[in-house]
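In the numbering used here, the protein residues as written are 11 to 171.
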């Protein structure tokens, strides 16, 4: 257990992978009707993070980003955050892996996908480092940019979803 953080909704899950994230400052929800309805009620996009318990880069991204209070603040403010264990929900993993690949983005894990409140994927990727490197944007900067696009150019975002 990570000290200093109150557990999020994943604390009630059975999946070892989801339980690994139960004390992140990110207010994770499991993939559920509750999470999907919340996105619609709050009119926020969903950030869906898919991984599995033995995934090296999933652990790296958790340590670098999901345990960061600064990143969690942006995630919790701008998105409904959903964590998925691909071993528990291969259907969800397959759906969003295919969507990300259809965007011309290489798939892998952790799989990071942004969805409209009506569940249409509009951006995705795999591991994002905390700061720009490896030809990838920094995760917090990316979150801020996606939030800005959602709030200022929503029609363009939804048209591309």
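No residue lacks a Cβ here, since even glycine has one placed at the ideal position from N, Cα and C.
request  = Below 7 Å CB to CB, which residues in the same chain sit around residue 93 once its five sequence neighbours on both sides are set aside?
outcome  = Position 83 of the chain shown, counting from 1, holds the residue named residue 93. Here the set comprises 20, 28, 31, 38, 40 and 59.
* Asked: Exposed or buried, which one is residue 145 when buried takes at least 16 other CB atoms within 10 Å?
  -> One-based indexing of the chain shown puts residue 145 at position 135. Answer is exposed; the Cβ neighbour count stays below 16.
- [ ] Between the Cα of residue 74 and those of 167, 166 and 149, spot the shortest distance and give me the residue it belongs to.
- [x] Numbered from 1 along the chain shown, position 64 holds the residue referred to as residue 74. Nearest neighbour of residue 74 by Cα position, chosen from 167, 166 and 149, turns out to be 149.
### Query
How many angstroms separate the CA atom of residue 163 from the CA atom of residue 49?
In the chain shown, counting from the first residue as 1, residue 163 sits at position 153. In the chain shown, counting from the first residue as 1, residue 49 sits at position 39. For residue 163 and residue 49, the gap between their C-alpha atoms comes out near 18 Å.
Task: Residue nearest to residue 45 in terms of C-alpha spacing, selected from 91, 171 and 159 - done: Here the question's residue 45 lines up with position 35 in the chain shown. The option with the nearest alpha carbon to residue 45 is 91.
DSSP three-state assignment for residue 59, whether helix, strand or coil: Residue 59 sits at position 49 when you count from the first residue of the chain shown. Reduced to three states, the DSSP call for residue 59 is strand.
State whether the segment 130 to 140 contacts the segment 59 to 72, with contact taken as three or more CB pairs (one from each stretch) at a distance under 8 Å. Between the segment 130 to 140 and the segment 59 to 72 there are three or more C-beta pairs closer than 8 Å, enough to call the two in contact.
State yes or no: is the C-beta of residue 121 within less than 8 Å of the C-beta of residue 106?
For the purposes of this step, residue 121 is taken as the residue at position 111 of the chain shown. For the purposes of this step, residue 106 is taken as the residue at position 96 of the chain shown. In contact: residue 121 and residue 106 (Cβ atoms closer than 8 Å).
Practice problem: Decide if residue 61 is buried, meaning its Cβ has at least 16 other Cβ atoms within 10 Å, or exposed. | Solution: By one-based count along the chain shown, residue 61 stands at place 51. Its Cβ being crowded by 16 or more others within 10 Å, residue 61 is buried.
Review point. How is residue 146 classed by DSSP in three states: helix, strand or coil?
Key: Numbered from its first residue, the chain shown carries residue 146 at position 136. Residue 146 carries a strand assignment under DSSP once its states are collapsed to helix, strand and coil.
### Query
Which of helix, strand or coil does DSSP assign to residue 38?
Counting from one through the chain shown, the residue named residue 38 turns up at place 28. Coil at residue 38, not helix or strand.
* Asked: Between residue 100 and residue 161, what straight-line distance do the alpha-carbon atoms span, to the nearest angstrom?
  -> Walking along the chain shown from the start, residue 100 turns up at place 90. Walking along the chain shown from the start, residue 161 turns up at place 151. So the alpha carbons of these two residues sit roughly 32 Å apart.
### Query
What's the C-alpha gap between residue 154 and residue 84?
Here residue 154 is taken as the residue at index 144 of the chain shown, counted from 1. Here residue 84 is taken as the residue at index 74 of the chain shown, counted from 1. Using only the alpha carbons, I get a separation of about 7 Å.
How long is the line joining the alpha carbons of residue 123 and residue 77, rounded to whole angstroms?
Counting from 1 along the chain shown, the entry for residue 123 is found at position 113. Counting from 1 along the chain shown, the entry for residue 77 is found at position 67. C-alpha separation (whole angstroms): 19 Å.
Span of the alpha helix (DSSP H) holding residue 28? Translated into the one-based positions of the chain shown, residue 28 becomes position 18. Where residue 28 is concerned, the enclosing alpha helix (DSSP H) stretches over 26 to 30.
In the DSSP output, what is residue 93 paired with across the bridge? Counted from its first residue, the chain shown places residue 93 at position 83. Beta-bridge pairing links residue 93 to 40 and 59.
ask   = Under the rule that 16 or more other beta-carbon atoms within 10 Å means buried, what is residue 67, buried or exposed?
value = The residue you call residue 67 lines up with position 57 of the chain shown. Flag for residue 67 reads exposed.
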